[in-house]
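In the numbering used here, the protein residues as written are 1 to 553.
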């Protein structure tokens with residue numbers, strides 16, 4: 001039931017939804033420009049995580065290009081870029097035991113990592129937040145944007161934050177606190193991959209008309225303590241091939257960080273076809289490959305997380321401007337798949353957005369307009385050029401597989417610098433790729449050994465995820481009976497396998513199958529919202545502060 005309450009209202013010049021690299025960079029750049037011209041500007045950032053960085057998960061090998069522009073003195077300011085890339089390897093895993101090391105001369109140019117850093121993106125975002133606050137930005141963590149406010153002309157006017165203190169039936173509990181209306185002249189949506197409000201904006205304003213369908217991957221990551229004698233800070237390994245194949249594309253990684261730690265992960269493109277596939281279990285068996293096990297053996301896993309990745313590139317970018325606001329960062333899809341990096345591109349998109357908004361506020365302070373100038377500024381920037389040069393990278397891999405597609409990418413990126421006179425497209429949405437369960441081969445996964453491989457529930461425990469069980473379920477079904485009626489018989493209900501947190505189960509109740517949703521396990525990866533074949537599962541924001549709490553992922 002909908003709770004009708006009076007809501008307090010706060011007003012700002014600019015409201016930013018999401019405290020990741022895009023949103024925080026936009027906030028910093030806005031206040032820098034205001035200071036340069038001695039102008040007053042009110043900028044607010046809201047973040048659904050309990051603190052800045054709580055929901056941030058990325059590899060991450062970080063390219064400092066945008067940071068160099070935003071804070072040229074970042075070293076003096078103490079930015080947590082402490083581990084420069086020292087060794088850079090690309091492996092092709094042939095099977096469960098063997099691999100080839102690709103010579104550096106044959107690696108596509110965007111994948112080289114000289115001058116980059118191995119970082120914790122969560123730590124970096126916490127640092128960015130401190131810079132933003134020192135510039136005068138208001139940052140409110142623990143506040144989830146639940147819905148979009150529109151004015152009478154149909155322009156975005158801000159957001160409403162979620163109510164706190166509702167029970168599972170939507171009724172007020174003791175201590176109920178209604179959400180607030182946060183109004184702004186301009187609102188920037190920087191929710192990250194598959195933002196639930198960004199998705200609504202794209203539909204409402206038809207921002208994706210003329211674009212390819214957006215494409216996604218699921219990234220699963222662990223942080224490990226390893227024996228000091230195995231530590232090689234700055235050693236970066238990327239791999240493709242086993243346990244995936246040309247029908248299931250993606251890649252794996254292992255990065256040596258500081259303090260005798262490594263991060264290890266698997267990225268599985270969500271256009272895979274076999275509904276029996278489990279990305280979580282593929283990751284667990286991947287760690288047994290000698291390319292990874294030699295480093296992990298004798299170590300201790302200390303954190304786990306998962307997050308969807310927006311990777312369609314420039315072909316799938318929606319129009320990012322609409323009356324009253326902009327989509328930025330991974331909410332729009334600015335990640336450069338060829339580089340396997342999205343933080344520097346998210347930052348640059350936020351900085352460009354800040355400049356467009358600031359100019360609009362100075363030119364027409366009493367008029368809210370569609371920031372169409374942003375599109376040209378984006379295209380003219382190095383970000384636009386970088387994404388154009390990489391436009392064929394993903395489609396080539398999806399069309400021709402890891403080996404042949406990789407060879408084509410080497411030729412295009414190294415010989416022609418991404419400027420061949422054609423553009424390949426990938427026009428089938430990820431959720432439409434699944435074959436039926438009967439047409440597919442079931443996959444038998446080995447049991448975890450609790451040394452290198454583990455089960456879902458022990459993994460979710462390490463994500464520090466927390467949701468009040470007596471709150472409305474944030475995972476909505478458009479049709480409550482569809483899973484059992486159609487998804488189960490056709491696709492063996494793949495949510496049981498693609499969810500990396502054990503949220504979805506088929507149980508038997510009174511002799512009949514039933515979909516059970518363990519929403520308290522959710523790590524907010526958004527995979528269900530993307531891969532469900534009928535788009536029946538809709539991810540919405542739970543109470544602010546709920547979800548994972550990643551310390552340094």
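Note that CB positions come from ideal geometry on N, CA and C, so glycine has one too.
Reference residue 228; option with closest CA among 289, 298, 204 and 40: 298
Residue 110 - DSSP class collapsed to helix/strand/coil: Helix at residue 110.
So, at 7 Å on beta carbons, what are the nonlocal neighbours of residue 472 in its own chain, with the 5 sequence-adjacent residues on each side left out? Correct list, in chain order: 166, 168 and 170.
Just to confirm the assignment, what range does the beta strand (DSSP E) spanning residue 513 have? 512-517
CB contact flag (residue 139, residue 132, <8 Å): Taking 8 Å as the cut-off, the beta carbon of residue 139 is found closer than this to the beta carbon of residue 132.
Cβ-based burial, residue 2 [other Cβ within 10 Å; buried from 16]: Because the pLDDT of residue 2 is 48, which lies under 50, any placement of that residue in the model is unreliable, and the number read from its coordinates should be weighed accordingly. Its Cβ having fewer than 16 others within 10 Å, residue 2 is exposed.
Confirm, please, whether the CB-CB distance from residue 273 to residue 247 is below 8 Å. yes
With 16 other Cβ atoms within 10 Å as the buried cut-off, status of residue 75: exposed
Entirely within the region 239-305 and at least 3 residues each: give me those beta strand (DSSP E) ranges in chain order. 250-256 and 261-269
Kindly indicate which residue of 310, 355, 331 and 327 has the alpha-carbon position closest to the one of residue 340. Closest option to residue 340, Cα to Cα, is 310.
For a quick check, are the C-beta atoms of residue 532 and residue 215 less than 8 Å apart? no
Evaluate residue 550 with the Cβ neighbour count: other Cβ atoms within 10 Å of its Cβ, from every protein chain shown; 16 or more gives buried, anything less gives exposed. buried
Answer with buried or exposed for residue 362, where buried requires no fewer than 16 other C-beta atoms within 10 angstroms of its C-beta. exposed
Mark residue 489 as exposed unless 16 or more other C-beta atoms lie within 10 angstroms of its C-beta, in which case mark it buried. exposed
Contact belief for residue 374 with residue 156 at Cβ below 8 Å, rounded distance in angstroms: 14 Å between Cβ atoms; not a contact.
Whole-angstrom distance between residue 85 and residue 257, CA atom to CA atom: 9 Å
What is the rounded straight-line gap between the Cα of residue 236 and the Cα of residue 83? Rounded to the nearest angstrom, the two C-alpha atoms are 11 Å apart.
Just to confirm my understanding: we take residue 194, look at its own chain, exclude 5 residues before and 5 after, and list those with CB closer than 8 Å. What are they? 216, 308, 310, 526, 529, 530 and 539
Evaluate residue 78 with the Cβ neighbour count: other Cβ atoms within 10 Å of its Cβ, from every protein chain shown; 16 or more gives buried, anything less gives exposed. exposed
Suppose contacts are defined by Cβ-Cβ distances below 8 Å. Is residue 348 in contact with residue 383 by that definition? yes
Identify whether residue 21 lies in helix, strand or coil by the three-state DSSP scheme. helix
Collapsed DSSP secondary structure at residue 420 in the structure displayed: coil
Does the separation of the CB atoms of residue 222 and residue 268 fall below 8 Å? no
I need the boundaries of the alpha helix (DSSP H) containing residue 347, first residue and last residue. 343-363
With three or more beta-carbon pairs closer than 8 Å as the criterion, would you say the region 411-418 touches the region 452-469? Segments in contact, no.
With DSSP as the reference, please indicate the residues paired to residue 323 in a beta bridge. 370
Identify which residue in 31, 63, 126 and 68 has its Cα closest to the Cα of residue 50. 126
When you compare each of 337, 376 and 449 to residue 396 by their alpha carbons, which one comes out closest? 337
Between residue 137 and residue 514, what straight-line distance do the alpha-carbon atoms span, to the nearest angstrom? 47 Å
Judging by CA-CA distance, which residue of 261, 279 and 234 is the nearest neighbour of residue 251? 279
Pick from 130, 97 and 239 that is closest to residue 111, judged by C-alpha positions: 239
Beta-ladder partner(s) of residue 219, from DSSP: 267 and 307
Assign residue 100 to buried or exposed, taking buried as 16 or more other Cβ atoms, counted over all protein chains shown, within 10 Å of its Cβ. exposed
If you pair each beta-carbon of the region 181-193 with each one of the region 6-13, do three or more pairs fall below 8 Å? yes
Give the secondary structure of residue 382 by DSSP, where H, G and I count as helix, E and B as strand, and everything else as coil. Note: residue 382 maps to helix in three-state DSSP.
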